[in-house]
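Notes to accompany the following structure.
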Amino acid sequence: MTNVVVVGSQWGDEGKGKIVDWLSERADIVVRFQGGHNAGHTLVIDGVSYKLSLLPSGIVRPGKIAVIGNGVVLDPHALLAEIEKLGAQGVKVTPENLRVADNATLILSLHRELDGMREDAASNSGTKIGTTRRGIGPAYEDKVGRRAIRVMDLADMETLPGKVDRILTHHNALRRGLGEKEVSHEAIMQELTSVADRVLPFRETVWELLDKQRRKGARILFEGAQGSLLDIDHGTYPFVTSSNTVAGQASAGSGMGPGALGYILGITKAYTTRVGEGPFPTELKDEIGQFLGEKGHEFGTVTGRKRRCGWFDAALVRQSVATNGITGIALTKLDVLDGLDELKICVGYMLDGQQIDHLPASQGAQARVEPVYVTLEGWKESTVGARSWADLPAQAIKYVRQVEELIGAPVALLSTSPERDDTILVTDPFED
Ligand code: IMP
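Counting the sequence shown from 1 gives a position; our numbering is that position plus 1.
And the structure:
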């Protein structure tokens with residue numbers, strides 16, 4: 002038995018929701034360790050659909066503890082709204098089943114506003130990132146700048162005013178520079194005091210909770226958000242999110258030492274998608290890209306934006322296998338490829354006349370690379386709902402085997418529809 006970290010191995014939206022739900026049923030504790038309410042997934046349990054952004058998936062299952070770790074940036078208003086929405090669906094969120102790290106950074110309205118102002122300003126110069134505009138980046142900037150307001154600060158009315166002054170000195174200078182109205186000390190104090198009583202009951206010393214639970218033999222599931230290619234260091238910078246999304250962050254973002262992390266499961270879509278701006282070597286701007294988008298329902302859960310679609314990029318996923326230390330993958334949405342005559346997999350790139358096997362770090366080079374493909378025969382049969390290898394056409398099995406070989410990691414789970422049971426289980430990550 003081991004603990005499990007789930008990460009996305011591409012640009013997010015790999016179909017983590019279904020797999021995390023399947024695993025959270027087997028877990029005692031489910032921990033978010035990075036990102037914030039820029040994430041979004043839908044869980045369908047007994048025919049009821051739950052939309053989660055900030056709360057860990059375990060929250061909808063009785064008897065589990067859901068934890069928001071210190072690596073998350075937490076918008077208290079989004080948290081309270083999500084709790085209320087779940088309450089209306091009959092899911093009670095209490096300090097019994099939700100714990101929030103007392104050292105997690107808060108997202109304030111001024112972060113959300115700055116995110117939007119910068120994206121608007123950048124739109125005019127064609128340099129926008131295409132963020133979710135939820136204040137994620139600005140909140141992480143304040144954390145690293147050592148001027149953030151954290152959950153436990155809500156309980157200390159003696160030090161809070163000084164912290165508010167500090168954060169405002171920085172933000173008001175920026176706002177003046179952008180030609181925007183300044184924010185008053187009173188407005189931020191009011192924003193914080195209006196939520197303090199409702200957020201503080203969830204506060205927890207998370208590293209200690211996890212340490213105790215680990216020693217008792219609890220099964221801990223770490224639920225990553227976004228994807229490895231959106232990682233602030235390892236992703237397609239600057240078109241990335243502002244946190245480390247790779248598996249190592251499960252440790253730093255929760256306070257549990259890396260030795261206890263265990264199985265790293267990389268959720269991997271059978272083709273590639275990305276939302277927002279940035280390089281995407283295998284992007285298909287033709288009818289096949291349209292086919293994948295329509296058949297795969299590729300629209301963002303948080304912003305509703307249309308996702309860009311393209312062929313599977315094995316060079317990029319191989320890179321994610323290395324940067325995450327992926328033990329095995331959960332391959333999702335294979336059925337979306339049903340019916341295509343032939344399928345391409347990117348195995349490397351041409352850059353300035355030279356063949357290379359990984360995406361270079363330079364933004365200019367990333368924009369210039371041309372994918373090198375291998376071509377495989379497609380299959381006409383439906384793979385929807387397959388529950389065993391015997392249910393899959395030979396060409397589909399060949400595609401999966403080729404993916405495994407090219408990325409250097411085995412398939413632990415294969416998902417063949419949004420339904421929970423339509424999954425081929427090769428290895429149970431908790432039992433590996
Ligand atoms: P931010 O995280 O809002 O700062 O957005 C930065 C980039 O990450 C943008 O390209 C977003 O579209 C992308 N992004 C953020 N969260 C997700 C997600 O959950 N799925 C896919 N893309 C995301």
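Virtual Cβ for every residue (Gly too), placed ideally from N, Cα, C.
1) Measure the CB-CB distance between Gly18 and Thr43 and report whether it falls below 7 Å.
2) Within the continuous alpha helix (DSSP H) that includes Ile20, where are the two ends?
3) Can you tell me whether Gly59 is helix, strand or coil according to DSSP?
4) Quick one: residues in its chain with C-beta nearer than 6 Å to the C-beta of Val21, no 5 flanking neighbours on either side, listed in chain order?
5) Compute the Euclidean distance between the alpha carbons of Ala323 and Asp212, then round it to the nearest angstrom.
6) Where do the N-terminal and C-terminal ends of the beta strand (DSSP E) with Tyr238 fall, by residue?
7) Does the ligand IMP have even one heavy atom less than 6 Å from the beta-carbon of Ile137?
8) Note down the Cα distance separating Glu26 from Gly64, rounded to an integer number of angstroms.
9) Measure the CB-CB distance between Gly127 and Glu278 and report whether it falls below 7 Å.
10) So what does Leu344 bridge to, in DSSP terms?
11) So is the beta-carbon of Ala253 under 6 Å away from any non-hydrogen atom of the ligand IMP?
12) I'd like the ranges of any beta strand (DSSP E) spanning at least 3 consecutive residues and lying wholly in the region 33 to 116.
13) Taking its Cβ as the centre, do 16 or more other Cβ atoms sit within 10 Å of Asn39, making it buried, or is it exposed?
14) Quick one, which of Thr274, Ile137, Leu56 has its alpha-carbon nearest Lys93's?
15) Less than 6 Å between the CB of Thr246 and some heavy atom of the ligand IMP, yes or no?
16) Can you find the residues in the same chain that come closer than 8 Å, C-beta to C-beta, to Met2, ignoring five residues on each side of it along the sequence?
17) Which full runs of the alpha helix (DSSP H) of 4+ residues lie inside the region 261 to 300, going along the chain?
18) Would you give the residue range spanned by the beta strand (DSSP E) that Val247 belongs to?
19) Can you tell me where the alpha helix (DSSP H) with Ser321 in it begins and where it stops?
Straight from the coordinates:
1) yes
2) Note, Ile20: alpha helix (DSSP H), 17 to 25.
3) helix
4) Same-chain partners within the cutoff: Val7, Ser58, Glu224.
5) Cα-Cα distance, rounded: 27 Å.
6) Counting along the chain, Tyr238 falls outside any beta strand (DSSP E), and DSSP gives it neither H nor E.
7) Checking the Cβ of Ile137 against the ligand IMP gives yes.
8) About 10 Å.
9) no
10) Leu377
11) no
12) 42 to 46, 49 to 53, 66 to 69, 99 to 102
13) buried
14) Leu56
15) no
16) Gly218, Arg220, Phe431, Glu432
17) DSSP runs (the alpha helix (DSSP H)) wholly in the region 261 to 300: 288 to 296.
18) Here Val247 belongs to no beta strand (DSSP E), and DSSP marks it neither H nor E.
19) Looking at the DSSP string, the run of the alpha helix (DSSP H) that includes Ser321 is 315 to 325.
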